[in-house]
Amino acid sequence: MKKDIEIAQEATIKPIIDIAATIGLQAEDLEQYGKYKAKIDWPAIKEIAERPTGKLILVTAINPTPAGEGKSTVTIGLADGLNRIGKQTVIALREPSLGPVMGIKGGATGGGRAQVLPMEDINLHFTGDMHAITAANNALSALVDNHIQQGNELGIDPRRIIWKRVVDLNDRALRQVIVGLGGPLQGVPREDGFDITVASEIMAILCLATNLDNLKERLSNILIGYTYDKQPIYVKDLQVQGALALLLKDALKPNLVQTIEGTPALIHGGPFANIAHGCNSVIATETALHLGEYTVTEAGFGADLGAEKFLDIKTPNLSKAPDAVVVVATIRALKMHGGIDKEHLKEENVAALVAGFANLKRHVRNMQNYQLPVVVAINEFVTDTEAEIQMLEQCCKEIGVPIARTQVWEKGGAGGELLAQQVVTAIDEQPGNYRRLYQNEESLPDKAAKIVKEIYGGSNVVFSSVAQRQLNVFKKNGWDQLPICMAKTQYSFSDDPQLLGAPADFSITIREFVPKLGAGFIVALTGTVMTMPGLPKKPAALNMDVDADGNVSGLF
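In this text, residue positions in the sequence shown follow our numbering: the first is 1, and each later residue adds one.
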């Protein structure tokens with residue numbers, strides 16, 4: 001069986017100007033990065049915004065397992081399938097982070113015959129967006145430390161700086177560091193730390209900004225920390241929002257690439273959903289909506305994280321809500337949620353499948369509670385048996401949700417046509433009536449409780465003493481009217497990654513809040529989730545190489 005990178009390297013890739021032409025863009029509308037990648041320029045983005053708006057399809061999934069779900073693969077295959085049945089379709093995806101590419105998760109360009117190209121470039125440095133975000137984030141850190149070193153006119157308390165440095169890699173050794181050592185000329189010593197770039201507030205800001213002016217306004221509202229008398233200090237107090245925006249002016253433009261079958265794909269922004277808001281940029285999604293009849297987008301990890309944040313944080317910043325939601329599941333993963341370990345997933349086990357269906361059922365119910373039509377996609381594996389497939393179809397029928405088999409890894413768009421037809425039918429027959437889970441006016445504890453009880457299936461939210469004190473500060477400063485972004489393990493509805501399936505009557509502990517005032521939400525850190533991941537014992541980087549001709553191997 002060929003590897004994903006081998007399939008991608010054997011594919012015929014078209015010049016990006018040819019792909020642009022299929023959606024009404026000219027060469028002068030693009031800033032080309034070689035033959036096969038381009039950014040869409042601002043004049044074109046403004047012109048595109050005047051075109052009619054298409055339908056929006058959100059792809060999400062069950063809680064991920066080591067068995068694999070293939071959400072990005074199904075997203076790409078669905079878009080190719082829609083094009084094959086005559087629906088002009090554009091994809092809007094997130095950019096991969098080097099952290100998981102070099103770690104254990106791999107890239108985020110799909111798999112098999114359902115991939116975006118050039119996969120090597122996209123999974124590595126792409127057009128430099130991640131580096132621009134990293135540079136802007138760390139420029140702010142340098143400017144803060146320099147301000148303190150040069151007299152500290154604003155009275156910033158070095159003990160109360162909440163802004164962290166970032167790097168786009170998994171590096172646990174940087175979670176907690178001391179900066180400024182070495183004497184008076186080397187800065188003022190203080191505790192600091194690194195997050196991964198995808199958890200940076202600047203990443204979230206880039207993904208929620210609507211234009212350059214909005215980007216600059218959001219950057220100005222970033223909370224740096226507090227003064228000695230505990231007053232908040234913002235980027236606008238340092239007056240450096242213009243410099244930060246300058247570093248991001250090109251990164252804010254969405255990137256245009258293509259699938260193996262030539263479907264246009266806008267890949268832009270890459271926040272993780274377990275530690276950030278998990279959605280590609282508003283600009284990319286809005287642009288895609290005006291370029292095709294249908295836009296297919298995805299949100300990170302399971303529907304309890306990515307889809308909830310898409311619907312409660314991103315959607316209020318979009319011109320429209322999704323017209324349908326696709327929940328991706330595999331029989332292998334459902335059997336793991338039903339209690340079967342990875343070594344026995346190839347064996348038929350209908351009982352485990354039925355037990356694990358509880359996970360899928362809860363995700364479907366959650367999405368339906370947003371008053372949106374839902375379709376389940378079975379991402380088929382060769383080990384699936386007919387008895388298991390029929391049982392899953394029966395379970396879905398019993399809860400009244402349509403289900404479609406997909407074979408997009410093997411067949412590309414041809415394997416996604418049935419799903420495409422199901423989604424079009426659902427949109428035509430069940431117009432959505434989007435209802436947000438909570439309103440901004442509700443208190444932060446009430447918002448957290450709604451997410452825990454109505455999305456996760458838990459019974460209670462516990463706030464640490466640190467979180468309780470922060471709630472008082474937020475209310476005093478008027479920050480309690482913002483949406484809440486839960487940072488939680490992706491593997492479980494609960495904050496315990498070992499608790500699979502559909503657990504109930506559990507508590508979620510919020511140990512700390514992180515205000516992201518420029519992005520416009522409050523992050524709630526739960527359980528032991530880290531904003532700087534670590535590498536596994538045998539990282540994927542050990543298998544990567546490049547030969548004398550520049551040919552890449554080992555990416556997946």
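Using N, Cα and C, we set each Cβ at its ideal position, and we do this for glycine too.
Beta bridge counterpart(s) of Ala92 as assigned by DSSP:
The beta-bridge partner set that DSSP reports for Ala92 consists of Leu266 and Thr297.
Whole-angstrom C-beta distance between Tyr456 and Ile508, which should lie under 8 Å
Indeed, because the Cβ distance is near 7 Å, the residues count as touching under 8 Å.
Can you give me the start and stop residues for the alpha helix (DSSP H) that Arg435 sits inside?
Element bounds for Arg435: n/a, residue is neither H nor E.
With DSSP as the reference, please indicate the residues paired to Ala114 in a beta bridge.
BP columns for Ala114 point to Gly111.
Quick one: what's got a C-beta closer than 6 Å to Gln115's C-beta in the same chain, skipping five residues either side?
Once the five neighbours on either side are set aside, the close Cβ partners of Gln115 are Ala8, Thr109 and Ile260.
Are the Cβ atoms of Gln258 and Ile76 separated by less than 8 Å?
In this structure, the beta-carbon distance from Gln258 to Ile76 does not fall below 8 Å.
When the distance is taken between beta carbons, is Tyr434 closer than 8 Å to Lys450?
Not a contact, by the Cβ cut-off of 8 Å.
Looking at Ile5: is its Cβ nearer than 8 Å to the Cβ of Met130?
It is not a contact, given that the beta carbons lie outside the stated cut-off.
Starting from Arg469, trace the alpha helix (DSSP H) in both directions and tell me its first and last residue.
Counting along the chain, the unbroken alpha helix (DSSP H) around Arg469 starts and ends at Ser465 to Asn477.
Do the CB positions of Val326 and Val375 come within less than 8 Å of each other?
The answer is yes: Cβ separation under 8 Å.
Determine the direct distance from the alpha carbon of Leu208 to that of Glu343, and round the result to whole angstroms.
One C-alpha to the other measures close to 41 Å.
Residue(s) in a DSSP beta bridge with Ile32:
Strictly speaking, residue 32 in this sequence is Gln, with Ile absent from that position. Paired residue(s): Ala38.
From Thr385, Leu311, His363 and Leu289, pick the residue whose C-alpha is nearest to that of Ala49; which is it?
Of Thr385, Leu311, His363 and Leu289, the residue nearest in Cα terms is Leu289.
In terms of alpha-carbon separation, which member of Leu140, Ala548, Thr528 and Val177 lies closest to Lys236?
Here the closest residue by C-alpha is Leu140.
In the stretch 164 to 245, which residue ranges form an unbroken alpha helix (DSSP H) of at least 4 residues, counting only runs that do not cross its ends?
Listed in chain order, they are 201 to 208, 212 to 220 and 235 to 238.
So what does DSSP say about Arg362, is it helix, strand or coil?
Helix.
Glu280 (DSSP reduced to helix, strand or coil)
It should be noted that the sequence gives Asn, not Glu, for residue 280. Correct three-state label for Asn280: coil.
Do three or more CB pairs link the stretch 151 to 166 to the stretch 225 to 240 at distances below 8 Å?
Result yes; three or more Cβ-Cβ pairs closer than 8 Å.
Helix, strand or coil, according to DSSP, for Asn557 in the structure here?
Residue 557 falls outside the range modelled here, since the chain spans only 1 to 556, and no answer is possible.
Buried versus exposed call for Ile577 [16 or more other C-beta atoms within 10 Å across all chains shown]
No information on residue 577 is available, as it lies outside the stretch 1 to 556 that the chain covers here.
Identity of the residues DSSP links to Gln258 by a beta bridge:
Answer is Leu117 and Pro264, bridged to Gln258.
Same chain, Cβ closer than 7 Å to Gln32, neighbours up to 5 away in sequence not counted:
Within the same chain, and ignoring the five residues on either side of Gln32 in sequence, the residues whose Cβ sits closer than 7 Å to its Cβ are Ile16 and Ala38.
Cβ-based neighbour list, Leu577, same chain, cut-off 6 Å, excluding 5 preceding and 5 following
In the structure as shown, the chain starts at 1 and stops at 556, and residue 577 therefore has no counterpart that could be examined.
Provide the residue(s) that pair with Lys516 in DSSP beta bridges, ordered along the chain.
The partner list for Lys516 (beta bridge, DSSP) reads Phe521.
Leaving out five residues before and five after Val523 in sequence, what residues of the same chain have Cβ atoms less than 7 Å from its Cβ?
Only Cys485, Ala487, Phe513, Val514 and Lys516 meet the Cβ criterion.
At the level of alpha carbons, what is the spacing between Leu318 and Asp312?
When the Cα atoms are used, Leu318 and Asp312 turn out to be separated by approximately 11 Å.
Does the beta-carbon distance from Gly70 to Asn460 come in below 8 Å?
For Gly70 and Asn460, no; Cβs fall outside 8 Å.
Spatial neighbours of Ala251 in its chain, beta-carbon cut-off 6 Å, leaving aside the 5 residues before and after
Excluding positions up to five away in sequence, the list reads Asp129 and Ala132.
If you measure between the beta carbons of Ser494 and Gly550, is that distance less than 8 Å?
Gly550 is positioned such that its CB atom lies no closer than 8 Å to that of Ser494.
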